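For what it's worth, the UniProt record's numbering labels the leading residue of the sequence shown as 1, then goes sequentially.
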Amino acid sequence: MTVQSYYDFASVMGFSVCLGSTKNILDKESAQKIVVMKMLLCSKQGSPILILPPTNGTRRKNGVSRCSCLACIKFKRIDRFDNWVTDSVNFDHNHSFTPPSKIRYLPINRSISQTSKLLFSSLVEVNVPVSQHAAYFSNQLGGVQNMGCMTLNINNMVRDDRIDLKNYDVDLIVEEFEIKKLENKDFFYNLVKDDEGHLKYLF
1 MTVQSYYDFA SVMGFSVCLG STKNILDKES AQKIVVMKML LCSKQGSPIL ILPPTNGTRR
61 KNGVSRCSCL ACIKFKRIDR FDNWVTDSVN FDHNHSFTPP SKIRYLPINR SISQTSKLLF
121 SSLVEVNVPV SQHAAYFSNQ LGGVQNMGCM TLNINNMVRD DRIDLKNYDV DLIVEEFEIK
181 KLENKDFFYN LVKDDEGHLK YLF
């Protein structure tokens, strides 16, 4: 079983997968790190107490409930040409699988293709509200069941694109200010970024 075939298997069976531990080594010929081991875990692995700590007496809602499932699979690379083999596997899940009628809602089955991303970008450029993107997309594909993603995924993609654009604009401003500093010794500016590296203040 290959890495992709396990993702396909999980997609059909009705459970989601997340990447667990990995191992890298330094390739002497290329002087670059390459992944030689990766472990895929059931998304329900982990304690619900640790994942969803109570806040003010209430528990935060989360789309994936953890139940300490130990199902996993470990792959090892056998050569430098990206060939992998199954090293160990545990197929025993301690929870029921998602029924076929709801499999499309699993995170593992939700993705936005590059073509769809271009479509959404063009809708943003002509000021189509994000709330209408999903309706337009589903009409083009013949129904929500054919979208391959949810409205939440579309909203998140548009949000991330806006953040990237803002960061790009900030980089251009900083570059311009640095040039002004070289041209004028009295010119001064300063900026403050948040914990995620995004611009917070510029003065």
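Just so it is clear, CB atoms sit at the ideal spot from N, CA and C, and this is done for glycine as well.
Just so we're clear, the structure is a prediction, and the values are computed from it rather than from any experiment.
Which of helix, strand or coil DSSP assigns to residue i
i	result
K181	helix
F75	strand
K44	coil
L165	The predicted position of L165 is uncertain, since its pLDDT is 44 and thus under 50; no value can be drawn from it.
D87	strand
V128	coil
P99	coil
F187	coil
F9	helix
Span separating the alpha-carbon of residue i from that of residue j
i	j	result
I103	T86	25 Å
C69	G20	13 Å
N83	N127	46 Å
H93	I25	31 Å
E183	N190	17 Å
F91	T22	20 Å
D8	F188	56 Å
R80	A10	27 Å
V12	I179	56 Å
S30	K181	40 Å
S88	Q45	17 Å
S101	K28	49 Å
Q32	K185	42 Å
I78	Y6	18 Å
Strand pairing of residue i, partner residues [DSSP]
i	result
Q32	D27
M39	K74
T22	K38
V17	C42
Whole-Å CB distance - residue i paired with residue j, under 8 Å assumed
i	j	result
G14	P107	Actually they are not in contact, since the Cβ atoms of G14 and P107 sit about 12 Å apart, beyond 8 Å.
R66	S47	6 Å
residue 208	V17	The requested residue 208 is not part of the displayed model; the chain covers only 1 to 203.
Chain C contact for residue i (CB, 8 Å cutoff)
i	result
S16	Protein chains in the displayed structure number just one, and chain C is not present.
Checklist entry - Should the region 70–79 be called in touch with the region 36–43, which here means at least 3 C-beta pairs below 8 Å? => result With contact defined as three or more Cβ pairs closer than 8 Å, the region 70–79 and the region 36–43 are in contact.
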